[in-house]
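Worksheet: one structure, shown below.
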């Protein structure tokens, strides 16, 4: 039975960013033509969120600190007793900004950092970010704001993650999260970013031996290897508890679902109705009947895996997830990035 409202909302409040990460999830055709809502329209989104009162809202982007009125949005959500987290690339966390975040009563920040050295971090992020991020983290610690870090892991920085974990724990990060990149956005078809499974396994074990559970390493590749199959796609599922609001007001279930033609604007029906409409995404997640999967021993467990990745790689929602270890196929579809 579907929940009456989402418990968790990711609000991509802007698509603007002051950096150019070489794996950016939004840097491809599926997202480039999504126009950002006006400030007046963002107030409508804010009011809709306040009406349904989810347990938690994550303000993200783009870079949300580029958004005019961001402190106002945080403060208004906090007045409704909603847990508010903000994700940022960390370059704008000067003392003034952090002081305002403190006054707005933000609960927690997630800060991106991609390397333990200036050269490595800035090369991946596409800008002079490293020194600004470290200063920003120090400002958060000084003002007593809780923060965790997020590092997207590719072949470029995986051998640096232990050094980075030491640096971030010393600064005071509540948790340090390393996540294998997802082949979408600017990372789509960039095979050079792929990490050998043996190296993923080594670093997961290495971090587990050296650090406590506040240093986390997640890898879809290793999960699939352990299970023997991709996880079942939850697109349109009745047991979903989260919604994602894009910068134009369209409500989706996850970032990858932007690849499907699905119009679900909060401005047309309100957030509650848009939440109910997410069940319509089931049409992009049918029971798979492709002969490639029909005889597979894992069919009931995975139903072909992620439908969005199947669609962007094979131009069909009836093909298996390209990460499936049982059936390897070559991509037939090219997406401009």
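Numbering (the numbering used here), first residue to last: 5 to 341. Glycine included, C-beta positions come from ideal geometry on N, C-alpha and C. Since the model is a prediction, treat every value here as computed from it, not as a measurement.
Taking the CA atoms as reference points, residue 285 sits about 34 Å from residue 128. Burial state of residue 72 is exposed, judged by a 10 Å Cβ sphere holding fewer than 16 other Cβ atoms. Annotation for residue 247: the continuous beta strand (DSSP E) segment containing it runs 246-249.
For residue 226, the CB contacts under 6 Å within the same chain, skipping 5 residues up- and downstream, are 204 in chain order. About 15 Å separates the Cβ atoms of residue 164 and residue 116, ruling out a contact at the 8 Å cut-off.
For the pair residue 30 and residue 61, the CB atoms are not nearer than the 9 Å cut-off. Counting along the chain, no beta strand (DSSP E) covers residue 271; the unbroken alpha helix (DSSP H) around it starts and ends at 270-281. One alpha carbon belongs to residue 131, the other to residue 78, and they sit about 27 Å apart. Cα atoms of residue 122 and residue 149: separation of roughly 24 Å, rounded to the nearest angstrom. If you keep only unbroken alpha helix (DSSP H) runs of at least 4 residues inside the stretch 10-51, you get 33-36. Judged by pairs of C-beta atoms under 8 Å, the stretch 227-238 does not touch the stretch 46-65, as fewer than three such pairs exist.
Fewer than three Cβ pairs drawn from the stretch 231-239 and the stretch 197-214 lie within less than 8 Å of each other, which leaves the two stretches out of contact. In the DSSP assignment, residue 98 is bridged to no other residue.
If one requires a minimum length of 3 residues, the beta strand (DSSP E) runs lying completely within the stretch 218-244 are 219-222, in chain order.
Within the DSSP secondary-structure output, residue 185 pairs in no beta bridge. Assignment of residue 257 by DSSP, reduced to helix, strand and coil, places it in the coil class.
The way I'd put it, the stretch 139-158 does touch the stretch 170-183; three or more beta-carbon pairs between them come closer than 8 Å. Residue 173 is positioned such that its CB atom lies no closer than 9 Å to that of residue 221.
Distances from the CA of residue 326 to each of 176, 192 and 249 were compared; the closest alpha carbon is that of 192. Judged by their CB atoms, residue 158 and residue 185 are nearer to each other than the 9 Å cut-off.
By the Cβ-count criterion, residue 125 is buried, with 16 or more other Cβ atoms from all chains shown falling within 10 Å of its own Cβ.
Residue pairing for residue 89: DSSP places it in a beta bridge opposite 62 and 112. At a Cβ-Cβ threshold of 9 Å, residue 245 and residue 11 count as neighbours. In the DSSP annotation of this structure, the continuous segment of the alpha helix (DSSP H) that includes residue 83 starts and ends at 74-83. Comparing C-alpha distances from residue 146 to each of 289, 102, 86 and 324 shows the shortest one belongs to 102. By the neighbour-count criterion, in which a residue is buried when 16 or more other Cβ atoms sit within 10 angstroms of its Cβ, residue 311 is buried. The stretch 36-49 makes no contact with the stretch 91-102: fewer than 3 CB pairs, one atom from each, lie closer than 8 Å. Under DSSP, residue 180 shares a beta bridge with 153 and 219.
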